[in-house]
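Going by the UniProt record's numbering, the first residue of the sequence shown is number 1, and it counts up by one from there.
For every residue, glycine included, the Cβ atom is placed at its ideal position computed from N, Cα and C.
Take a look at the structure below.
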Amino acid sequence: MIQVAALGSGSSGNSLLVRSDKTTLLIDCGFTMKETIARLHHLGLAPSDLDAILISHEHGDHMKGVGPMSRKFGLPVWCTHGTYHRARDNRFSSVRLFHAHEPFIIGDMEVDPFPTPHDAAEPCQFVFSVNDVRFANVTDLGACTPHVREKLAGIHGLVVECNYDNEMLRKGPYPPSLQARIRSDYGHLGNDQAGELLQELDHPELQFILLGHLSEQNNSDALALATMQAHVEDRHERISVLAQHCCSQWFDVVCSVAAEALEPA
Ligand SMILES: [Zn+2]
Ligand SMILES: [Zn+2]
1 MIQVAALGSG SSGNSLLVRS DKTTLLIDCG FTMKETIARL HHLGLAPSDL
51 DAILISHEHG DHMKGVGPMS RKFGLPVWCT HGTYHRARDN RFSSVRLFHA
101 HEPFIIGDME VDPFPTPHDA AEPCQFVFSV NDVRFANVTD LGACTPHVRE
151 KLAGIHGLVV ECNYDNEMLR KGPYPPSLQA RIRSDYGHLG NDQAGELLQE
201 LDHPELQFIL LGHLSEQNNS DALALATMQA HVEDRHERIS VLAQHCCSQW
251 FDVVCSVAAE ALEPA
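So, in structure tokens, the structure goes:
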């Protein structure tokens, strides 16, 4: 089983917990150390429960608390060469550099990184596997490349970016240059793109779909959810929107659901 919870998700801060029986990883840390500790506590964890921090890319909404957390609690930080060298604060207690095409192991978890098209030095996202259970985080990408689709095939649980609603972005407060950056192939995924990706990926063993990295100016929970529900069936209420200002609940990804569902009655 893999358990997943978001400390928070959105354009002003992202951080996700992924844990197995033996390993607990913090994926990105876009909140201050104080806020991160408070949110961990809310989810029943302390910093000493973490085995490592993984960083997807160096943008502030993913990195704000990484340096302080690493130094204060002696946490190793895993990131690509590009992320490490471009990061404003990379004085980590220890660093483990990886290549975005090479899987690695932390504890009993396999981490399979994959490059994502985004306007950062060397951005990537991750598929996590424990035994046969696979969970992926896919945010901060302007387009779904064939490689991204390949990595996500058969996934059991997913955080997918729903950054903006097309109309809200067009009519919203952002200047045209910033709108163009967000819409570009190296920007962010909108609701429609995420919906199309999910329609293609969906299968009976996809147990939950968490909508993440919503823009507070250019999207709403209701619009993101409605767009997604138009593309995939929300059976067992498996689609949820992650919030910016509070933690999510824990979500369990297990491997037996499909087996039970497929068994003859
Ligand atoms: Zn971001
Ligand atoms: Zn970013």
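Burial state of residue i, where buried means 16 or more other Cβ atoms lie within 10 Å
i	result
LEU7	buried
PRO175	exposed
SER20	buried
GLY67	buried
SER11	buried
SER9	buried
MET1	exposed
ALA265	No answer about ALA265 holds up, because its pLDDT of 48 lies below 50 and its placement is not dependable.
GLY157	buried
Ligand 1 heavy atom lying under 6 Å from the CB of residue i
i	result
ASP132	no
ASP28	no
Pair within 7 Å by beta-carbon distance, residue i and residue j
i	j	result
ALA224	ASN191	yes
LEU210	LEU189	no
CYS246	LEU43	no
GLU58	ALA120	yes
VAL4	PHE251	yes
THR139	GLY212	yes
TYR164	SER220	no
CYS124	MET69	no
Heavy atom of ligand 2 within 6 Å of residue i beta-carbon
i	result
ASP185	no
Uninterrupted beta strand (DSSP E) stretches inside the segment 103-176 (no shorter than 3 residues): 104-106, 109-115, 124-130, 133-138 and 157-161
For ligand 1, residues whose Cβ lies under 7 Å from any non-hydrogen atom: SER11, ASN14, HIS59, ASP61, HIS62, THR139, ASP140 and HIS213
Runs of alpha helix (DSSP H) lying entirely within the segment 46-96, each at least 4 residues, in chain order: 60-63, 66-73 and 81-86
Every unbroken alpha helix (DSSP H) inside the segment 212-264 [4 residues or more]: 221-231 and 256-262
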